[in-house]
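Here the sequence shown stands for residues 47 to 374, where the numbers follow the numbering used here.
Beta carbons: idealized from backbone N, C-alpha and C, even for Gly.
A quick note: this is a predicted structure, and the numbers were derived from the prediction, not measured.
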Amino acid sequence: MQTLPKLGVLFVIGALVSGITPIGGALAGERLSLATGSTGGAWYVLGGAWTQLVNRASGLEITPEISKAGKGNIKLVSAKQSDFAVGSAAVSYEAYHGTGWTKGKKYDNIRAIAPVTPGFFQWWSMRERDNITTIPGLKGQTLCLSTRGGDVDVWGRNILKFFGVEPNRIVNAPHVQCLSMMVDNLVQIHGTFADAPHPAPTELSSRFPIAFIAFSEEEMKKFLGEYTHLTGGFIPENTYKTQDKPVRTLVTLNMIMTYKEMDPDTVYKVTKATWDTREALLKANKAATAVKPENVGRMPIPLHAGALRYYEEAGIDVLKHLVPPEAQ
């Protein structure tokens, strides 16, 4: 039975190098914090690069912290337990409006700062062992959908429910554990809703051929008819070693967020530093292709007042839905 004994070591080393600590690891009042994601996840990696560049450009001290990502990050930043967070349009839209996973509770104090990466819904199987490539093919399989409440967990469950597909079970664990369980055939499907390329399938495809689960054109049309705030798209071919054709899937926008009471001058500095260092961020993380003026309007929640000030000064168009209630 094959295992991946070195993965945990590699991801722990990555955490030490990037300075990422668990939520609550920073001393109160000494540093600002950024909630990222689970060990080995794309937001975990992104957070380390983004904070280093923003800190250097702004003179602030923001510490990236390990979190559960997804709705966990929404809850952290809304409760002011984290100063900043990486979040997706897919989850933050429902959070702000009190729909979907929130079950009517509105997290309407969350505010957008800047777009950073596109997010692709990705789930994959071992090609030579299982070769699962369709949504109906997920029936009876065991899935590892990262941490409970993360984007892939929320939307993976939504997809399964929408299409009436019953898996054997769903496992929630950090990506490094999902990888090991997949190689040991304890799970047949592993997924993420984040950047592409993502560290998990990149690592797995370097050792084994993998197959991606794709939406059919009709499945995508039906799903987007229900979830109108989402969009469809493709993971480009050759994003991963054994992926020789585009994969039709859900696409979202990942962004940096905060809460509305955060100091406007601090948020202004963070926003300016993000745009001033966008070329350096792209060199550090090739998934960071979304820091572009045309993507500002795609963020689905209002801007923080400090971010709004930056965009107005920079001459970047701010759509009506981005103007926060407190600035109207």
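| Item | Value |
| --- | --- |
| Residues sharing a beta bridge with residue 168, DSSP | 238 |
| Residue 222 beta carbon near the ligand GDP (any heavy atom closer than 7 Å) | The ligand GDP is absent from the structure shown, which contains no ligand whatsoever. |
| Where residue 304 falls, given that 16 or more other Cβ within 10 Å makes a residue buried | buried |
| Where residue 79 falls: helix, strand or coil (DSSP) | strand |
| Stretch-stretch touch, CB-based, cutoff 8 Å, three pairs: the segment 197-215 with the segment 98-106 | no |
| Terminal residues of the beta strand (DSSP E) in which residue 305 lies | 293-305 |
| Boundaries of the beta strand (DSSP E) in which residue 134 is found, first to last residue | 130-134 |
| DSSP three-state assignment for residue 120, whether helix, strand or coil | helix |
| Pick from 149, 150 and 240 that is closest to residue 191, judged by C-alpha positions | 240 |
| Own chain partners of residue 179 with C-beta closer than 8 Å, once the 5 adjacent residues on each side are dropped | 171, 257, 258, 259 and 260 |
| Cross-strand partners of residue 349 (DSSP beta bridge) | 158 |
| Where residue 243 sits in the DSSP three-state scheme | coil |
| Reference residue 308; option with closest CA among 196, 157 and 162 | 157 |
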